[in-house]
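Novice: Heads up: the protein sequence lines correspond to chains A and B, in order.
With the first letter of the first sequence counted as 1, position 54 gets the number 54 in this note's numbering; the numbers rise by one all the way through.
Each number in this note's numbering comes from the position in the second sequence (counting from 1) with 1000 added on.
Backbone N, C-alpha and C fix where the C-beta goes; we use that ideal spot for every residue, glycine too.
Computed from a predicted model, the values in this text were never measured in an experiment.
One structure coming up, written as structure tokens, with questions to follow.
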Amino acid sequence: AQSVSQHNHHVILSEAASLELGCNYSYGGTVNLFWYVQYPGQHLQLLLKYFSGDPLVKGIKGFEAEFIKSKFSFNLRKPSVQWSDTAEYFCAVTAGGTYKYIFGTGTRLKVLA
Amino acid sequence: EAGVVQSPRYKIIEKKQPVAFWCNPISGHNTLYWYRQNLGQGPELLIRYENEEAVDDSQLPKDRFSAERLKGVDSTLKIQPAELGDSAVYLCASRASYEAFFGQGTRLTVV
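Have a look at this one:
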């Protein structure tokens, strides 16, 4: 069965620090990859997605992610975090041409002002 | 544009009681999902609809959970009877193309 692993459950950073959140998935075929964010008290929102092409994808608010097929990874990065980036981040995958989103357990990011 | 609307936002019930959640997806979205999110976990799919047809309900505990999507628009998820372990956030999402849009969820507490 497909699964998604997020290694960091809680991350605390100071403003202007760089961010990298890990995401690995298990599926041998074609996948679509997503990062969703949930700000406090709000609903899940799409940050960025990868379907095909350039493995480095850019999303909203300065976030980017790199798809490394050989490592089954899709790590999220941001060069300089802001206090407003405090949120929970979820990696998700759809596989085999389906639109069944499988989510990781999430990473709770706290950015200190 | 209105997003995915869910109600109620919060629900507290005693165990063995029934409960229902309602979802109004974004207009024109044919795919509708119900997810359950336990504390500290990511969302887990309960059921997926394409229009009014349930195309994936393999993870729906059918002994106590039921769902319907009449006319391929609004959807209702029901639990009867509720158990303590059903306490979670129930999320509805809808999709037209690649992006699934989520509602704010219903936080269910079973006491």
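Do A:Ser-73 and A:Gly-18 have their beta-carbon atoms positioned less than 9 Å apart in this structure?
Specialist: In the sequence under discussion, the amino acid at residue 18 of chain A is Ser, which differs from the Gly named in the question. For the 9 Å CB-CB criterion, A:Ser-18 and A:Ser-73 do not form a contact.
Novice: Can you list, in chain order, the residues of the region 1086-1098 of chain B whose Cβ is nearer than 9 Å to any Cβ on chain A?
Specialist: For the region 1086-1098 of chain B, the set of positions with a beta-carbon nearer than 9 Å to some beta-carbon of chain A reads Leu-1091, Ala-1093, Arg-1095, Tyr-1098 in chain order.
Novice: At 7 Å on the CB atoms, spell out the chain D contacts of B:Ala-1100, in chain order.
Specialist: Of the chains in the structure shown, none is chain D; the protein chains are A and B.
Novice: What residues from the region 1040-1065 of chain B come within 8 Å of chain A, judged by C-beta to C-beta, listed N to C?
Specialist: Gly-1040, Gln-1041, Gly-1042, Pro-1043, Glu-1044, Leu-1045, Arg-1048, Asp-1056
Novice: DSSP on B:Leu-1084, reduced to helix/strand/coil?
Specialist: helix
Novice: Taking Cβ-Cβ distances shorter than 9 Å, what residues in chain B pair up with A:Gly-22?
Specialist: Within chain B, no residue comes near A:Gly-22; the closest Cβ sits about 14 Å away, beyond 9 Å.
Novice: Is A:Ser-52 helix, strand or coil when you go by DSSP?
Specialist: The answer is coil: DSSP assigns A:Ser-52 none of H, G, I, E or B.
Novice: B:Thr-1031 touches chain A at which residues, Cβ-Cβ below 9 Å?
Specialist: Per Cβ cutoff of 9 Å: Tyr-99.
Novice: Taking C-alpha atoms, which residue in B:Cys-1092, B:Pro-1018, B:Leu-1039, B:Gly-1003 lies nearest to B:Lys-1078?
Specialist: Ranking the options by Cα distance to B:Lys-1078, first place goes to B:Pro-1018.
Novice: Return the residue from the list B:Ser-1027, B:Cys-1023, B:His-1029, B:Gly-1028 that minimises the CA-CA distance to B:Tyr-1035.
Specialist: B:Cys-1023
Novice: Quick one: residues in its chain with C-beta nearer than 6 Å to the C-beta of B:Phe-1065, no 5 flanking neighbours on either side, listed in chain order?
Specialist: Excluding positions up to five away in sequence, the list reads Ile-1079.
Novice: According to a CB-to-CB cut-off of less than 9 Å, which residues of the region 42-74 of chain A neighbour chain B?
Specialist: Gln-42, His-43, Leu-44, Gln-45, Leu-46, Lys-49, Phe-51
Novice: Is it a yes or a no for the region 37-49 of chain A touching the region 1025-1032 of chain B, going by three-plus beta-carbon pairs under 8 Å?
Specialist: no
Novice: Pick helix, strand or coil for B:Ser-1075, following the three-state DSSP scheme.
Specialist: strand
Novice: Is it buried or exposed for A:Lys-78, if we count other Cβ within 10 angstroms and need 16 for buried?
Specialist: buried
Novice: What is the DSSP secondary structure of B:Ile-1026, reduced to helix, strand or coil?
Specialist: coil
Novice: Pull up the DSSP beta-bridge partners for B:Val-1110, would you.
Specialist: B:Ile-1013
Novice: Please report the residue range of the beta strand (DSSP E) in which A:Lys-78 lies.
Specialist: 73-78
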